[in-house]
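Protein chains in written order, with our numbering: chain A, 64 to 311; chain B, 64 to 311; chain C, 64 to 311; chain D, 64 to 311; chain E, 64 to 311; chain F, 64 to 311.
#1: Determine the chain A residues that contact residue 113/B at a beta-carbon separation under 8 Å, and present them in chain order.
#2: So, at 7 Å on beta carbons, what are the nonlocal neighbours of residue 168/C in its own chain, with the 5 sequence-adjacent residues on each side left out?
#3: Measuring straight from C-alpha to C-alpha, what distance separates residue 73/E and residue 235/A?
#4: Taking Cβ to Cβ, would you say residue 109/D is nearer than 7 Å to residue 210/D?
#5: At what residue ranges does the stretch 101 to 182 of chain C contain a whole run of the alpha helix (DSSP H), taking only runs of 4 or more?
#6: Rounded to the nearest angstrom, what separates residue 311/B and residue 180/C at their Cα positions?
#7: Along the stretch 208 to 229 of chain D, what residues have a CB closer than 9 Å to any CB found in chain E?
#8: Answer yes or no: does any C-beta atom of chain F fall closer than 7 Å to that of residue 284/A?
#9: What would DSSP say about residue 254/D, mapped onto helix, strand or coil?
#10: So, is the C-beta of residue 185/D closer than 7 Å to a C-beta in chain B?
#11: Since residue 65/A sits in a beta bridge, which residues does DSSP pair it with?
#12: So which residues of chain F does residue 189/A contact, with C-beta pairs closer than 7 Å?
#13: With 7 Å set as the bound, which would you pick, yes or no: does the beta-carbon of residue 178/A sit closer than that to a beta-carbon of chain E?
#14: DSSP state of residue 207/F, grouped into three classes?
#15: Comparing C-alpha positions only, which one of 174/D, 172/D and 133/D sits nearest to residue 278/D?
#16: So who's on the other strand from residue 202/C, going by DSSP bridges?
#17: Can you confirm whether residue 253/D, when its beta carbon is compared against all beta carbons of chain G, has any partner nearer than 7 Å?
#18: Rounded to whole angstroms, how far is the Cβ of residue 222/C from the Cβ of residue 204/C, which I believe are closer than 8 Å?
#19: Find out if the Cβ-Cβ distance for the pair residue 201/F, residue 173/F is shorter than 7 Å.
#20: Is the stretch 157 to 164 of chain D close to the stretch 268 to 283 of chain D, with three or more CB pairs under 8 Å?
#21: At a CB-CB cut-off below 7 Å, which residues of chain D make contact with residue 168/B?
#22: Report back the beta-carbon spacing between residue 113/C and residue 147/D to the nearest angstrom; my notes put them in contact at under 8 Å.
#23: Per DSSP, what kind of secondary structure is residue 80/C in: helix, strand or coil?
#24: Quick check: the Cα distance between residue 171/C and residue 260/C, rounded to an integer number of angstroms?
#25: I'd like to know whether the C-beta atoms of residue 111/B and residue 244/B end up nearer to each other than 7 Å.
#26: Please report the Cβ distance between residue 276/E and residue 155/E, rounded to the nearest whole angstrom; I am assuming they are in contact, meaning their Cβ atoms lie under 8 Å.
#27: Could you say which of 297/E, 284/E and 296/E lies nearest to residue 151/E if we only look at CA atoms?
#28: Please report the distance separating the alpha-carbon of residue 305/C from that of residue 89/B.
#29: Pick helix, strand or coil for residue 280/D, following the three-state DSSP scheme.
#30: Between residue 311/C and chain D, is the shortest Cβ-Cβ distance under 7 Å, so that the two count as touching?
#31: If you draw a straight line from the alpha carbon of residue 208/A to that of residue 121/A, how long is it in whole angstroms?
#32: Could you check where the alpha helix (DSSP H) with residue 184/A kicks off and where it finishes?
#33: Rounded to whole angstroms, how far is the Cβ of residue 322/F from the Cβ of residue 193/E, which I believe are closer than 8 Å?
#34: Answer with buried or exposed for residue 303/F, where buried requires no fewer than 16 other C-beta atoms within 10 angstroms of its C-beta.
#35: Are the C-beta atoms of residue 238/C and some chain B residue less than 7 Å apart?
#36: With DSSP collapsed to three states, give me the class of residue 290/E.
Structure representation (structure tokens):
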């Protein structure tokens, strides 16, 4: 089984971090290939960054299709381009936010999210609403650290994240914590040990969900609103999408 | 007052249709400039088309900022890039789906939507949920016509839309109908006459809401999660976004 | 265009305040006439006050119909008699609570309300639920000042309102504030300046929404549940309503 | 125990029907007094009728207070003036819509409503939302008979109501039916026999809930938003409310 | 009328407390018989305790059927076995959590719950969701006392409960308090006096609701999903349920 | 890895069917042991059957703990005893209804459920509400076949299930179908082939989710409301639960 893990930002360091975490958790028969787009923002900290990054995600899915990927993981906590990506393939596509939410509800009745910047909290709130998990999340918290600090000032960032997780544990009446950034994929064990309750991280959760769906033989539905897009002309720098003739 | 109306698809005919409808409805002191991106799909009929089109919308907002636009209308019923666009400017930004929903709730207690293709119904459902209008919409209906048929086979398309609107009126227990595509902007009067109940169309509704917000002196909030994006490097074909230094 | 602004309480001072704010915001071609009922409470601070005031509102709408008003604004934050008023006319009728909520969601993702007395908070909560905006409002706050203090102890009242707005800004994770009383219509600029984020006030918002609907040619739906009431006998002091024969 | 049953419309026949049904169901120690306002509509079939009737309801509550009523029933399916009435008294006040909804959820998992005119369905929908019962109601149905036909064309009306109830039973996947009009208070047994599943009627349900609350010693809360209204001047024909000095 | 009050735990002291409170509140013509299962936990403080206790509840309902009970009360705040019990009988079956919620919404707009252990709060939250009362409850609070302390350390427990109720009153913006444990049935008057706002207790509320339903002639629906269970073999210690042939 | 699959009913044939389906889908390193309780109903078709079966499920979890199971699957579509079971172990516990819902939302935007008897539809509705998936499910359908017919009249049952699935596909505007009974675990491939869209079955889905959670090292939270139950005396036939001293 070949899982393509797409880091929607263009930071090679973060792609490596994510890819290593994904590989470590993958089952023996699973091959993980981590990629990031050639085009896009180095980090995703706003609706704007997210919208731009979605195009890169879609190109990486199309590349994955040519290489025969069996499943895709979108490794940014805003799940950018998720439904669009599902239209492009029969393979399962999993966002790390949804993956973490699903897993957290299976081991606890209520959870809190600890993310990077407060301004991205609204993105998590919108996803919770869309996926149906609003009632399971007590609170969206932010450690107020820029995403790239996870790579560049890892130790200081870790302290702040643990600190916020402990506050969540003590104040929020929860059973589990969801880490709200793909860049935290290598921190799960440390945080979990320090905080003392289950810590759910999306990259690893998504890899296991992708394996599960492939194992079940479940494909993304091509009946109805996730069917392949109707082929049509694209202009300018997106002209390449005009050649889109997905296997049907 | 200068309202920039952005048609997110790259069809010049549809941009003209939308621009004319917007200009007709605008108040005397309002100048409407209609634009479409240089890069993107000729029509928007899927999550994929919508995700790609969002980048073009954002570029047009940045262009509008350079030209001093006072407000923006995003003229596709999926409101692509709406929150991202709001981050890029202090000017109000209005999506035509939200505009139509808001207006419909002010003149009726319940409405139905008549859109183009059934597969885009889920996009409307997600927006209704996010905006809070799910309970006000009885049903999302589709005339099952491709978007460009509105330009290319206008008469046949009109017949099918009117037909579906009449079914909505007779079966859905509603007070108003929302037209679910920017390309229907010039059909409102005809449809309304044939159907006999208020028909709300998003392009015109959005122009009037934009005028209203500018008239009130209300700007897009720069406090909290719609603040300008943090400047950062973008790579590849999106490198231009690295120079993003919005007036603060 | 003639907009009839109805202050549902019988305070002439507040009617003047409201009327001036409405006139100031109105477009050149718009004439604003502000009225208050002859019969009713001097201020509205409870469900009881609101229920009684609704009858006065309805009489003012009927008077407006005789005078050819093109739209109506109900200038109390509980939107008293709103749906009943809509039944009496083809003209648009806008409540100031709904107007403020609609506008606030167009410029921010989340807002808080600052109202007068805590006991009226439940009225705002019920309206948020009915209109679909509960998820967009973080918190309903009260400055704990009686409504008429806005006229009689304006300076002290203003200090308390600004104080509460600043708390909302600092604690509620919001992008905008909604002022929860028609009597605050002249305070918007001052408060906005002191608080530093968009402040949405309902009277002015409603005037612009009324202009927008009239500009769009959108009437209150007479199809279904907002149709004119069936004529019937009324007894006693409401006998006058028996003559109700709205243009059909 | 003295329960004041207030028929919000001014039809003496319907007041008699309601009063008899209430008396029949009351416990031995309970005295029922049925009243209708002197001022108001002869039937309630719109938001307008309902808004006007609310004032009459409030006057009857004040009259009941002078006569020492122990509880109040508001016998119109729109529960007009319910929260306002609660502010005027420590005694329990029960609306017949809420009473029927509460009772129906105790004997079934899902119910449908059969009301008079389709246009009043929206009132029931709004109450279901406000009270929290939207998910328990499968469908709001109308027999499309004017309210007074229940008195004047009783046999024909009954046939249509039974017919609609049978459709509800056969099509709606429900366990119980709620009758949606106070004027149906004397039809419950007949309908229930013909339809063969539990039929919940609001007047009788409200009388028993009122007895229950009085028996429990539970009063309408005077802490918070249902406290007595602040005394204040009322003008014109509502001047009498200025003397409002409820026992505190 | 014979109301069977079932204490789902096996504590005889608590059964006596509950039975006495139920008898005191019952109407003259009502006979209350309080029972507890022979098999089950001495107190209910977890999902596990609750699941086990449900079987005992069902056996007590079957016993009550043989003795001709007219209604049943399930006297544990988690309403264990409620829908299952309803399937076994035509008589009304009332849970004390639902009873308290219903009554609280009739005398206030918002309430808080004060229960025993924090870990049982989630059970109350799930019931609020299922019954439709989530929006009416501001907060679920726990006094953090084990259930049996209500019997064994009554004075100390009472102090903590009153303390938590006073915090609810002062901080939660509510009109009433719901006591969240059947073992508090005898404390209502004391707590209400100390706290100064209406205190709703479920055992007494359920007795009055049961009387109300019986008085109305309303039975548990046997149409649809609460119909008698299909007879079938049960094995092992539940073999007795195979003989289940409820009167149909 | 050892996954204990618990069939909550006592039908050995169904346990075999479920166990075989679970074993077939399990990964190489996973051992599946299928068990059914010694005590309980032969099939589960009502709230009553479900409540009784929950105790058997809990005993099987305790047995699994003694045998060192790494995860548990509760293989009845009502997820009986799910939260109680989670309290008894650190191992993940997955219900087949929740498993199917989670998986269905990852490959489609909307699904329908096809279950056995119509009367069990309400159980699915309540679970959808509790888990947060109500908006993702378009319709709960029943083939109206008793559960044991799946074993005893397999061919006829299969025809009816396929028939109902085809109706769901053609009428419900969905992308996937969820099979609503553990006894359908061996039919998935056939149904999926006949119906032509993804068919999600809970037993297999739950096995893969259990593997995923174990692979992630995620345990059921013991912080907060899923902590081990407080030890306490149980009486009568449940006395064995008194010895409950879970590893802490």
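Where is the CB? At the ideal position from N, CA and C, for every residue including glycine.
Inspection of the coordinates gives the following:
#1: Within 8 Å of the CB of residue 113/B, the CB atoms of chain A belong to 147, in sequence order along the chain.
#2: 196 and 199.
#3: Spanning the two alpha carbons is a distance of roughly 33 Å.
#4: A distance of 7 Å or more separates the beta carbons of residue 109/D and residue 210/D.
#5: Look at the stretch 101 to 182 of chain C and you find these whole runs of alpha helix (DSSP H), each 4 residues long or longer: 110 to 130, 145 to 150 and 159 to 170.
#6: Note that residue 311/B scores a pLDDT of 45, beneath 50, so its modelled location is shaky and nothing firm can be said.
#7: If you check each beta-carbon in the stretch 208 to 229 of chain D against every beta-carbon of chain E, none falls closer than 9 Å.
#8: Yes, its Cβ sits closer than 7 Å to a Cβ of chain F.
#9: Correct three-state label for residue 254/D: helix.
#10: So, interface residue.
#11: DSSP, once it has assigned bridges, lists 94/A as partnering residue 65/A.
#12: Simply none; closest approach about 14 Å.
#13: Not one chain E Cβ lies under 7 Å of residue 178/A.
#14: Here DSSP, grouped into helix, strand and coil, assigns residue 207/F to coil.
#15: Out of 174/D, 172/D and 133/D, 133/D has the C-alpha closest to the C-alpha of residue 278/D.
#16: Residue 202/C is bridged to 175/C.
#17: The chain inventory of the structure shown lacks chain G, comprising the protein chains A, B, C, D, E and F.
#18: Your pair residue 222/C and residue 204/C does not check out as a contact, with CB atoms roughly 15 Å apart and the cut at 8 Å.
#19: Using a Cβ distance threshold of 7 Å, residue 201/F and residue 173/F count as a contacting pair.
#20: With three or more CB-CB distances shorter than 8 Å, the stretch 157 to 164 of chain D counts as touching the stretch 268 to 283 of chain D.
#21: At a C-beta separation below 7 Å, residue 168/B has no neighbours in chain D, since its nearest C-beta there lies roughly 13 Å away.
#22: With a Cβ gap of about 7 Å, residue 113/C and residue 147/D count as contacting.
#23: In the three-state DSSP reduction, residue 80/C falls in the helix class (H, G or I).
#24: Residue 171/C and residue 260/C have their C-alpha atoms some 10 Å from each other.
#25: Result no, Cβ atoms of residue 111/B and residue 244/B do not sit closer than 7 Å.
#26: The pair is a contact, with the Cβ atoms about 4 Å apart (cut-off 8 Å).
#27: When each option's Cα is compared against that of residue 151/E, the closest is 284/E.
#28: Cα to Cα, the separation comes out at about 41 Å.
#29: Residue 280/D falls in the coil class under three-state DSSP.
#30: Confidence is the limiting factor: at residue 311/C the pLDDT is only 45, short of 50, which leaves the residue's position unreliable and the question unanswerable from this model.
#31: Distance between the alpha carbons of residue 208/A and residue 121/A is about 28 Å.
#32: Annotation: the continuous alpha helix (DSSP H) that includes residue 184/A extends over 184 to 194.
#33: As displayed, chain F neither begins before 64 nor continues past 311, which places residue 322/F out of reach and without an answer.
#34: Of the residues assessed, residue 303/F falls on the exposed side of the cut-off, its CB having fewer than 16 other CB atoms within 10 angstroms.
#35: It does; some Cβ of chain B falls within 7 Å.
#36: Coil.
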